[in-house]
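**Q** Residue 535, in my numbering, is where the sequence shown stops; the numbers in between run on with no holes.
For glycine and all other residues, C-beta sits at the position ideal for the given N, C-alpha and C.
Dropping the structure in here first, questions after.
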Amino acid sequence: MANPLYDRLFGANAGKSTPFLLLADGRSLSHSDFLAIASRFAHALVAAGLEPGDRLAVQIEKSPEALALYAAAVQAGVVFLPLNTGYTADEVSYFVENSGAKLLVCDPARAEALAPVADAAGTGLLTLGSEGDGSFAESAAGVPNAFDTVARGEDDLAAFLYTSGTTGRSKGAMLTQANLLSNCLTLAEEWRFTAEDVLLHALPIFHTHGLFVATNVTLAAGGAMIFLPRFDLDVILEQMPRATTMMGVPTFYTRLLGDPRFTADAAAHMRLFISGSAPLLAETHRQFEGRTGQRILERYGMTETNMNTSNPYDGERRAGTVGFPLPGVELRITDPGNGAELPQGEIGQIEVRGPNVFKGYWEMPEKTAAELRENGFFITGDLGMVDSDGYVSIVGRGKDLIISGGYNIYPKEIEALLDDQPGVLESAVIGVPHADFGETVLAVLVPEPGASPDIAAIEAEVSTKLARFKHPRRMVVAESLPRNTMGKVQKNVLRDAYKDAFAES
Ligand code: MLC
Ligand code: AMP
């Protein structure tokens, strides 16, 4: 029976004894080894009571088994909902409740902290460790290595990825089989991926970049990945001579350039370096070319849309731009005030339409209607322009968003927590330049009259509630916040005032 995503990405690799996952310790898994684990996991999902269309929330460390759980969900027709491993129990609780997940699979080390979360939500809880241990793995032992793939249509949901909002709480972006499949097939072709490719994979697999771009593109081509738990410069440099491609956030590239061992020779086996998720400085692009003779290929995407634009494989990869709309993707620049399309060359909001664009936000029809037009164009919240050669540039953001090392952070979520702290009248959270992460978080606190907020106590509270990557790296106290005549906080004034706060880092 048909299940387009499974059939094309996984089924197409069935029976192949060629390597799929190469691990840093020398072990490797072939495509068929991997698919056998996935099928056993699919049986375990069914045994746990999951039915097609149910949501499976996972918060587990990156490992071959963690990736097999994704394949298992697709094979069993279950909606895959991966969560950042850094999220606190508080954060996970929201995602589990909001999505109505039937099962939460977490790392064994987190089971105690997450048991109350699962209980409160009426969700099952099983564990899967990075060594293939845990109660979920146990329930998959001794079951067949094959599973009858559940039939699914292209319009059926394959995944939920949560994305924060400028107001209120995170929204579950509903991605269909066709959204994921159309995009990775296009990218594999545009970037010339083949079964000979070996992708250096150091990204997390709970976001679009590491899962739907890096992994799906490799699967579509039948290639292999050097599958690393995280970005470790020494390991990357050691493994690069075995690899042909890498996908990374700009921090990967600035860290590589910061190391004298990274030379043209070190990169000689690589045919393609791809960057995305955050702006790559034109200066980084040029330095990279100067050092290696290779030009990084920058592309642009987001959770709701997968990838929208890419610099060309052949042809000029233009620094400071994100290239052209991908085949099948329409991109237009509109006036943020009235939505009218703007003439070529003008700056406005970027809107995209195509088979890559998601189905909407889970159980949030108003938010969906506000961002996804009836005619199918999605308002990205990014500001950009198209030059006379057709290259798209992102020049800013219409949304109040900080991107730190490729992770999105919405100030509103942090401000809401800070505003609740004793002695704090109000707060403003901004992104300021940071050499390693591109941007980092700085909070400005305004005390209540006569109060002096206890910064250490506030930091302690923040760490119990929010994932580490969202923590303000500095909190400063100010008498008041700059406001315009409408009373709106002028974050641009604050960003300017604190732009050198991390100049040395
Ligand atoms: C880790 N830390 C971060 C952080 N990553 N803080 C802010 N921002 C980040 N991105 C914390 C750690 O917990 C640690 O805390 C401290 O900062 C220093 O950590 P590190 O050892 O230097 O970090 P490292 O583990 O090396 O991770 C950095 C990183 C990683 C850049 C390699 O963050 C990463 O892999 N980012 C990729 C994110 C990603 O995949 N984005 C794609 C989203 S999809 P402490 O406690 O030690 O102080 C998307 C769509 C699209 O955007 O277009 O692709
Ligand atoms: P996310 O919601 O995590 O998927 O992040 C998507 C956002 O990341 C986009 O809306 C952009 O603001 C940003 N982004 C992704 N790729 C690029 C890029 N190449 N250059 C600049 N910003 C990018």
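Could you check what DSSP says for E360 in three-state terms: helix, strand or coil?
**A** Counted from its first residue, the sequence shown places residue 360 at position 330. Of the three classes helix, strand and coil, the one that applies to E360 here is strand, per DSSP.
**Q** Just to confirm, does R498 get its C-beta within under 7 Å of one of the non-hydrogen atoms of the ligand MLC?
**A** Locating residue 498 in the sequence shown gives position 468, counting from the first residue. Checking every heavy atom of the ligand MLC against the Cβ of R498, one is found closer than 7 Å.
**Q** If you follow the alpha helix (DSSP H) that S47 is in, where does it begin and where does it stop?
**A** Walking along the sequence shown from the start, residue 47 turns up at place 17. Note, S47: premise wrong, no alpha helix (DSSP H); not H, not E.
**Q** The ligand AMP and Q514: does any heavy atom of the ligand fall closer than 7 Å to the residue's C-beta?
**A** Stepping through the sequence shown from its first residue, residue 514 is reached at position 484. Going by the sequence as given, residue 514 is Asn instead of Gln. Every heavy atom of the ligand AMP is 7 Å or more from the Cβ of N514, so no.
**Q** Would you decide whether S129 is buried or exposed? Buried here means 16 or more other CB atoms lie within 10 Å of its CB.
**A** Taking the sequence shown and counting its residues from 1, one reaches residue 129 at position 99. Per the 10 Å Cβ criterion, buried.
**Q** Can you tell me the Cα-Cα spacing of F50 and V474, whole angstroms?
**A** Position 20 of the sequence shown holds residue 50. Position 444 of the sequence shown holds residue 474. Near 48 Å, if we compare the C-alpha coordinates of V474 and F50.
**Q** At 4 residues or longer, and completely inside the stretch 193-233: list those alpha helix (DSSP H) runs for me, N to C.
**A** Listed in chain order, the complete alpha helix (DSSP H) runs (minimum 4 residues) inside the stretch 193-233 are 207-220.
**Q** Within 10 angstroms of its Cβ, does V180 collect 16 or more other Cβ (buried), or is it exposed?
**A** On the sequence shown, residue 180 is found 150 positions in, with the first residue counted as 1. The residue is buried, with at least 16 neighbouring Cβ atoms inside 10 Å.
**Q** Can the beta-carbon of T115 be found closer than 8 Å to that of F236?
**A** Within the sequence shown, residue 115 is the residue found at index 85, counting from 1. Within the sequence shown, residue 236 is the residue found at index 206, counting from 1. In contact: T115 and F236 (Cβ atoms closer than 8 Å).
**Q** What is the DSSP secondary structure of E456, counted as helix, strand or coil?
**A** Reading the sequence shown from its first residue, position 426 is the one you call residue 456. Strand.
**Q** DSSP three-state call for S123: helix, strand or coil?
**A** Counting from one through the sequence shown, the residue named residue 123 turns up at place 93. Three-state DSSP puts S123 in a helix.
**Q** Assign N341 to one of two classes, buried (16 or more other C-beta atoms within 10 Å of its C-beta) or exposed (fewer than that).
**A** The sequence position of residue 341 within the sequence shown is 311, counting from 1. N341 comes out buried.
**Q** If you draw a straight line from the C-alpha of M204 to the C-alpha of F166, how long is it?
**A** As a first step, residue 204 must be located in the sequence shown, where it is residue number 174. As a first step, residue 166 must be located in the sequence shown, where it is residue number 136. For M204 and F166, the distance between alpha carbons rounds to 25 Å.
**Q** Quick one: Cα of R57 to Cα of D163, how far?
**A** Residue numbering aside, residue 57 sits at position 27 when the sequence shown is read from its first letter. Residue numbering aside, residue 163 sits at position 133 when the sequence shown is read from its first letter. Taking the straight line joining both Cα atoms gives about 17 Å.
**Q** Near L455, which residues of its chain fall below 7 Å by C-beta distance, leaving aside the five closest residues on each side in sequence?
**A** Residue mapping note: residue 455 aligns to position 425 of the sequence shown, counting from 1. For L455, where only same-chain residues beyond five positions count, the Cβ hits under 7 Å are V476, P477 and E478.
**Q** Ordered along the chain, which non-local residues of its own chain (more than five positions away) have a Cβ less than 7 Å from that of Q6?
**A** Beyond the ends of the chain as shown, which are 31 and 535, falls residue 6; an answer cannot be given.
**Q** Assuming V279 contacts G435 (C-beta within less than 8 Å), just tell me the rounded distance between them.
**A** Translated into the one-based positions of the sequence shown, residue 279 becomes position 249. Translated into the one-based positions of the sequence shown, residue 435 becomes position 405. Confirmed, Cβ separation roughly 6 Å.
**Q** For the 8 Å Cβ check, are there 3 or more pairs between the stretch 53-71 and the stretch 139-152?
**A** Because the criterion of three Cβ pairs below 8 Å is not met, the stretch 53-71 and the stretch 139-152 do not touch.
**Q** Can you give me the C-alpha to C-alpha distance between V189 and L311, rounded to a whole angstrom?
**A** The residue labelled residue 189 in the question sits at position 159 within the sequence shown. The residue labelled residue 311 in the question sits at position 281 within the sequence shown. Reading off the sequence shown, one finds Ala at residue 189, where the question assumed Val. About 31 Å.
**Q** Quick check on DSSP: helix, strand or coil for F64?
**A** The residue you call residue 64 lines up with position 34 of the sequence shown. Note: F64 maps to helix in three-state DSSP.
**Q** At what residue ranges does the stretch 120-166 contain a whole run of the alpha helix (DSSP H), taking only runs of 4 or more?
**A** You should have 141-151.
**Q** For A87, which residues does DSSP report across the bridge?
**A** The residue given as residue 87 occupies position 57 in the sequence shown. Beta-bridge pairing links A87 to L111 and L134.
**Q** Hey, how far is the Cα of T216 from the Cα of G253?
**A** Mapped onto the sequence shown, residue 216 falls at position 186. Mapped onto the sequence shown, residue 253 falls at position 223. Going from the Cα of T216 to the Cα of G253 covers about 16 Å.
**Q** Answer with buried or exposed for A400, where buried requires no fewer than 16 other C-beta atoms within 10 angstroms of its C-beta.
**A** Locating residue 400 in the sequence shown gives position 370, counting from the first residue. So A400 ends up on the exposed side.
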